[in-house]
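Reading through the structure tokens given below for one structure.
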Amino acid sequence: AQKVTQAQTEISVVEKEDVTLDCVYETRDTTYYLFWYKQPPSGELVFLIRRNSFDEQNEISGRYSWNFQKSTSSFNFTITASQVVDSAVYFCALSEWSSGNTPLVFGKGTRLSVIA
Amino acid sequence: DAEITQSPRHKITETGRQVTLACHQTWNHNNMFWYRQDLGHGLRLIHYSYGVQDTNKGEVSDGYSVSRSNTEDLPLTLESAASSQTSVYFCASSGLASNEQFFGPGTRLTVL
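Protein sequence lines, in the order shown, are assigned to chains A and B.
Each residue of the first sequence is one higher than the last, beginning at 1 in this note's numbering.
Each residue of the second sequence is one higher than the last, beginning at 117 in this note's numbering.
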């Protein structure tokens with residue numbers, strides 16, 4: 001069965017610090033997708049990234065970067081030089097693909113507070 | 117621009133009442149999903165649909181039902197609302213060849 005674990009419930013950092021949000025997943029499928037979503041205080045869910053199981057290249061988008069390691073079943077998210085606007089709840093999610101388009105399974109989320 | 121909308125955005129109801137939450141998407145997506153979000157649980161899947169007349173149960177489907185009579189809409193019905201169903205409800209949709217889900221703005225439901 002699919003499972004996503006975000007062990008960090010809450011993290012507080014001071015502005016300009018780097019912070020890494022951990023995500024560990026479980027799946028028996030060989031083909032799957034991993035996602036990160038951001039939920040700011042306003043409540044909407046904002047898509048950040050999708051990564052498929054065949055692409056282990058790290059990705060960087062501005063201050064955001066993602067480290068995908070199949071060997072440890074992890075898909076960690078790093079924010080460099082954090083800003084107050086990064087304060088949000090971040091969700092990691094998994095979708096298996098071999099048997100078709102399956103719904104997302106979410107982790108419980110990590111609440112990030114960036115203090116000025 | 118294509119979008120996914122939910123209504124109402126906020127709802128207060130009483131225990132035992134039937135409640136229907138609407139979800140409408142203009143992406144022409146085949147796949148639609150309902151999640152609930154509760155503190156400490158993240159988002160949990162209630163029901164989903166892969167096309168007209170198709171519905172499937174998710175992880176927390178007890179007390180909820182859906183029907184899919186057209187591509188654009190997937191209403192979620194609480195047959196007899198319970199206080200345990202107080203939550204924020206999100207609808208999402210995705211295309212046939214993609215599993216990137218687009219989320220609606222959410223409905224905050226309070227059952228008194």
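The beta carbon of each residue, even a glycine, is placed where N, CA and C say it ideally should be.
Per DSSP, the bridge partner or partners of residue i
i, result
"residue 93 of chain A", "A:35 and A:106"
"residue 141 of chain B", "B:120"
"residue 158 of chain B", "B:154"
"residue 189 of chain B", "B:140"
"residue 212 of chain B", "The partner list for residue 212 of chain B (beta bridge, DSSP) is empty, contrary to what the question assumes."
Secondary structure of residue i, DSSP reduced to three states
i, result
"residue 201 of chain B", "helix"
"residue 71 of chain A", "helix"
"residue 86 of chain A", "helix"
"residue 207 of chain B", "strand"
"residue 170 of chain B", "strand"
"residue 44 of chain A", "coil"
"residue 54 of chain A", "coil"
"residue 228 of chain B", "coil"
"residue 130 of chain B", "coil"
"residue 9 of chain A", "coil"
"residue 19 of chain A", "strand"
Backbone CA spacing between residue i and residue j [nearest angstrom]
i, j, result
"residue 111 of chain A", "residue 34 of chain A", "19 Å"
"residue 186 of chain B", "residue 218 of chain B", "18 Å"
"residue 43 of chain A", "residue 30 of chain A", "33 Å"
"residue 11 of chain A", "residue 113 of chain A", "6 Å"
"residue 138 of chain B", "residue 124 of chain B", "7 Å"
"residue 6 of chain A", "residue 118 of chain B", "32 Å"
Cβ-Cβ distance between residue i and residue j below 9 Å
i, j, result
"residue 131 of chain B", "residue 191 of chain B", "no"
"residue 121 of chain B", "residue 141 of chain B", "yes"
"residue 211 of chain B", "residue 157 of chain B", "no"
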